[in-house]
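Quick note: full-length UniProt numbering has the sequence shown finishing at residue 144, numbered continuously throughout.
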Amino acid sequence: YIGSVSFLNTVLKVVAKLRSINPELTYEPFLSVCDPVLGDEGKLYVPQELVSVYREKVVPVASMLTPNQFEAELLTGLRIVSEQDGREACNTLHSAGPSKVVITSINIDGNLLLLGSHQKEKGTGDLMTALLLGWSNVIMLGKP
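The structure is reproduced here in structure tokens:
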């Protein structure tokens with residue numbers, strides 16, 4: 001969670017500096033994962049001005065982006081009411097920069113979905129396997 005524009009800009013400067021020192025940090029396995037904690041269920045957790053900073057500066061430098069439905073809608077300007085809308089949002093986010101996008105907690109017709117997308121076919125199965133493994137461990141341990 002980053003609640004201020006100045007702190008988020010500092011993080012961006014650090015990422016840029018690290019990548020200038022080592023350009024390989026932009027490629028696998030050195031991924032920059034961004035969970036853009038902006039809000040949920042129609043409510044912002046952060047000041048409104050952070051949304052544009054995430055959209056214009058953070059999303060383009062992330063290798064993987066993990067927004068929830070509300071955050072994906074804020075970042076893309078698209079309303080997600082169907083799986084197809086979710087896929088369109090993933091493609092819009094891919095166009096902005098990240099090669100991997102996982103939209104979490106999508107609520108469509110009372111069903112909670114997770115939608116993952118990888119710009120390149122290679123590695124998509126690995127991502128899905130890791131997600132399923134993590135989920136199954138939680139279920140087997142009986143923890144929510």
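No residue lacks a Cβ here, since even glycine has one placed at the ideal position from N, Cα and C.
Check                                                                                                                                             : Outcome
Where DSSP assigns a beta bridge to ASP40, which residues make up the other side?                                                                 : LYS43
Let me check one thing: in DSSP terms, what residues is THR76 bridge-paired to?                                                                   : According to DSSP, which records beta bridges pairwise, THR76 is partnered with nothing at all.
Assign ASN89 to buried or exposed, taking buried as 16 or more other Cβ atoms, counted over all protein chains shown, within 10 Å of its Cβ.      : Reading off the sequence shown, one finds Ala at residue 89, where the question assumed Asn. Its Cβ being crowded by 16 or more others within 10 Å, ALA89 is buried.
Quick one: any contact between the stretch 4-19 and the stretch 32-51, if contact means 3 or more CB pairs under 8 Å?                             : yes
Any idea what DSSP makes of ILE21, helix, strand or coil?                                                                                         : helix
Bridge partners for THR104 per DSSP, in chain order?                                                                                              : ASN68
Using 9 Å as the threshold, is the C-beta distance between THR76 and LEU50 below it?                                                              : no
So for residue 145, helix, strand or coil by DSSP?                                                                                                : Any property of residue 145 remains undetermined from this structure, which presents the chain solely from 1 to 144.
Under 8 Å by Cβ, that's how I've got LEU8 and VAL58 pegged, so tell me the actual separation to the nearest angstrom.                             : 7 Å
Beta-carbon separation of ILE106 and ASN68 under 9 Å?                                                                                             : yes
Taking GLY39 and GLU83 to be in contact with their CB atoms under 8 Å, please state how far apart those CB atoms are, rounded to whole angstroms. : Going by Cβ atoms, the distance from GLY39 to GLU83 rounds to 22 Å, so no, they are not a contact pair.
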